[in-house]
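Have a look at the structure below before the remarks.
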Amino acid sequence: MRTQRMTVSVLALLALAACGTESGSGAGSGDSGDGSGTVRPEAPVTGVHWNVSSLTVGGKRTAAPEGAHVRIDSRGKATGNLGCNRFTADVRIEGSAMTVGRSTSTDMACEKDVQRFETAMARAFSGELQAAVAGRSDEKTLTLTTPGGDSMPLTSEPPAPLTGTAWKVTGLVSGSTVASLPAGTEDKAHLTFGKDGSVEGSLGCNSFHGRATVSGSTLTFGPLASTRKMCPGPEMELERALLGVLEGKAAYTIDHRSLSIEAKSGKGLDATAPAAGT
1402 MRTQRMTVSV
1412 LALLALAACG
1422 TESGSGAGSG
1432 DSGDGSGTVR
1442 PEAPVTGVHW
1452 NVSSLTVGGK
1462 RTAAPEGAHV
1472 RIDSRGKATG
1482 NLGCNRFTAD
1492 VRIEGSAMTV
1502 GRSTSTDMAC
1512 EKDVQRFETA
1522 MARAFSGELQ
1532 AAVAGRSDEK
1542 TLTLTTPGGD
1552 SMPLTSEPPA
1562 PLTGTAWKVT
1572 GLVSGSTVAS
1582 LPAGTEDKAH
1592 LTFGKDGSVE
1602 GSLGCNSFHG
1612 RATVSGSTLT
1622 FGPLASTRKM
1632 CPGPEMELER
1642 ALLGVLEGKA
1652 AYTIDHRSLS
1662 IEAKSGKGLD
1672 ATAPAAGT
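So for the sequence shown, my numbering puts the first residue at 1402; every next one is plus one.
What follows is the structure in structure tokens.
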């Protein structure tokens, strides 16, 4: 089934919350001294990809959906995912106090359980919060607590490098349209780039290896060699689609632990890295 890439529509998270029901301590001045109210870059909560672990509201704990996360930059802008929909918000940090202000979100329909979590998280991640950071380097935790005692623990996760990462193919791209993988092939295609300029993996049916030279944001694929098994129709369909991407020059981008590759033809693929530590 084909779905269009998400179109962002302005939607206040507080309004969403009203519709129903889920890089010490948070030090760092919230004022740059020029009256702009931006977050100082040394604040330990900024510049970190924080995965939401769970949400406790009224004493009831709910595990977060996979992909729920928050990232705050040094300019006082939070971006992230509520579990299904993406969001942005204005943030001000003063010592261990965090104030989350004006917010926007995409407006996709989600599964009911995810929608409930999104609504609860939107309510929790707003207004005045207390932020407590513990740990060091890439193994930090952040706990946000509301005045009413509700809490949201988050854990830091490092970005995935292009090389040495086992990228699992999760979608096929054609122009601005993303298509899910053929039924039954969801966990079968993957690729790994080596520091020596090699690439290898599985096309969903046959294994392959070859060359992939990296230059800036461009990958140049050499001829690929693969096994020659015959597989069921959906697997061969996926294989043909991937071979159309992994040839010649292609642009690539990495967003934390998500990889997108797009060939000159406009055909492409989306892939994800496994969670850090797995």
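Ideal placement from N, C-alpha and C gives every residue a C-beta, glycine not left out.
- For His1591, the pairing in a beta bridge is given by DSSP as Lys1569, Ser1603.
- By the criterion of at least three beta-carbon pairs nearer than 8 Å, the stretch 1555–1568 is not in contact with the stretch 1624–1644.
- Per the coordinates, the alpha-carbon of Thr1520 lies some 18 Å from the alpha-carbon of Asp1491.
- For Cys1606, the CB contacts under 7 Å within the same chain, skipping 5 residues up- and downstream, are Lys1630, Cys1632, Glu1636, Met1637, Glu1640 in chain order.
- Residue range 1513–1525 is occupied by the alpha helix (DSSP H) that includes Val1515.
- Proximity of the stretch 1473–1486 to the stretch 1496–1511 meets the contact definition, three or more beta-carbon pairs being nearer than 8 Å.
- In the DSSP assignment, Leu1543 falls within the unbroken beta strand (DSSP E) covering 1540–1546.
- Among the bridge pairs identified by DSSP, Glu1495 is matched with Ala1498.
- Residue pairing from DSSP places Arg1472 in a beta bridge opposite Thr1480.
- Residues of the same chain with a CB within less than 8 Å of the CB of Lys1668, apart from the 5 flanking positions on each side, are Leu1573, Val1574, Ser1575, Ala1642, Gly1645, Val1646 in chain order.
- If you draw a straight line from the Cα of Ala1652 to the Cα of Asp1671, it is about 12 Å long.
- Taking the C-beta atoms as reference points, Asp1588 is found no nearer than 8 Å to Val1458.
- For Leu1555, the enclosing beta strand (DSSP E) stretches over residues 1552–1557.
- Judged by DSSP in its simplified three-state form, Arg1658 adopts coil rather than helix or strand.
- Here His1591 is not near Gly1598, since their CB atoms are 8 Å or more apart.
- DSSP places Leu1639 in the uninterrupted alpha helix (DSSP H) bounded by 1634–1644.
- In the DSSP assignment, Val1449 falls outside any beta strand (DSSP E), carrying neither H nor E.
- Counting along the chain, Leu1620 sits inside the beta strand (DSSP E) bounded by residues 1619–1622.
- Taking the CA atoms as reference points, Ser1506 sits about 33 Å from Leu1620.
- In the DSSP secondary-structure assignment, Ser1616 is bridged to Thr1619.
- The three-state reading of DSSP puts Ala1674 in coil, since its state is none of H, G, I, E or B.
- Between Ala1561 and Arg1658, the C-beta gap is smaller than 8 Å, which places the two residues in contact.
- Ranking Ser1504, Thr1489, Glu1467 by CA distance to the CA of Val1515 puts Glu1467 first.
- Proximity of the stretch 1447–1458 to the stretch 1497–1505 falls short of the contact definition, fewer than three beta-carbon pairs being nearer than 8 Å.
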